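Residue numbers (the numbering used here): 3 to 358.
Here a beta-carbon is modelled for each residue, glycine too, at the ideal position from N, C-alpha and C.
These numbers come from a predicted model, not from an experiment.
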């Protein structure tokens, strides 16, 4: 090969090598440009996505801030605490007071928490709806000593009810009279004679006496219990001595338990131990609050009826005892028609009894 040929060969070989290097450089340059473009594109997209509130909604989880003192305590969902008081219900937050009284009770709504998810959304978490439940105070009117005076007993049966009518066990025509009382929609009770404190007062035949041998006392109780039927409970006729004698009243309560009867303590003695004996025997028990006609005068009877209303509004219920007397009938008949307008409800006595 001549000199010119060698030079041409070297030039061609150099050009080939140069073209290969250039091609690789151009390829690397192209890939670098593409990579930079993709990087800028992703950066732009990520910035736009980060600024878009809708894009954060799926992952933005806001947890409620804990009170500094709540680190070691958990709030139970149902922590209603029953508080008893002598007068009204007290409601604080979700603590609801429920005494025996039938009064209005409210539940307050807990503070609302805000949950941030792009937009401000108000969500009421673990809150109570505001509700108002109105419970009407209740009154039970008991008429005892019924059955002896047929005419006045008939007048009482014709009164607006439901009343709780207690018939004395030695009255005449008891089956007929008690049947009429039930037909009129009243509740039937038995007025059982018991020994009074004074020896000068005659409580009637087959009276329950303290000091009787157990068998004789049980026989006297059984005689009284069989004089009529349909009654739900017993209240004492007189009995200031008998209800204060623990051994005697225990025997009596055991017999009531056998027959599933309620006992109303007419409270003729401040020394009565009937409640204690009833609890021991597991007998449903309730006590009289007010005597309507202890003083048989119109003015005093009106006062007592006002006291019945006040007591019912204050405590949620009242138990009042009246008797078949002219003044009582004259005052109580129109008074019964006013109870609804005074937001009071007349109920049978058994509705107020706490069953053990």
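Taking all protein chains in view, the Cβ of residue 179 is crowded by 16 or more other Cβ atoms within 10 Å, so the residue is classified as buried. Of the candidates 144, 325 and 232, 325 places its Cα closest to the Cα of residue 299. By the criterion of a C-beta distance shorter than 8 Å, residue 138 is surrounded in its chain by 104, 345, 346 and 347, once the five residues flanking it on both sides are discounted. Non-local beta-carbon contacts of residue 292 in its own chain, meaning distances under 8 Å to residues more than five positions away in sequence, involve 306, 309, 310, 313, 320, 321, 322 and 323 in chain order.
From the listed residues 143, 286 and 239, the smallest Cα separation to residue 260 is found for 286. Taking a cut-off of 8 Å for Cβ pairs, the segment 213-224 and the segment 168-185 do not touch, as fewer than three such pairs fall below it.
Here DSSP, grouped into helix, strand and coil, assigns residue 296 to coil. In the three-state reduction of the DSSP assignment, residue 195 falls in the strand class. Assignment of residue 238 by DSSP, reduced to helix, strand and coil, places it in the strand class.
An exposed status is given to residue 296, since fewer than 16 other beta-carbon atoms sit within 10 Å of its beta-carbon.
The closest CA to that of residue 184, considering only 331, 160, 35 and 198, is found on 160. For residue 145, the enclosing beta strand (DSSP E) covers residues 140-148. If you draw a straight line from the Cα of residue 186 to the Cα of residue 284, it comes to about 31 Å.
Given a length threshold of 3 residues, each whole run of the beta strand (DSSP E) inside the segment 238-312 is given here in chain order: 264-267 and 287-289.
Comparing alpha-carbon positions, the option among 202, 197, 206 and 169 lying closest to residue 188 turns out to be 169. In this structure, the beta-carbon distance from residue 210 to residue 235 does not fall below 8 Å. DSSP, read as helix, strand or coil, puts residue 35 in helix. Check the Cα spacing between residue 336 and each of 350, 316, 349 and 304: the tightest is with 304.
Pairing residue 250 with residue 269, the inter-Cα distance amounts to about 16 Å. Boundaries of the alpha helix (DSSP H) harbouring residue 158: 152-159, taken from the DSSP string. Closest in C-alpha terms to residue 243, from the list 217, 205 and 31, comes 205.
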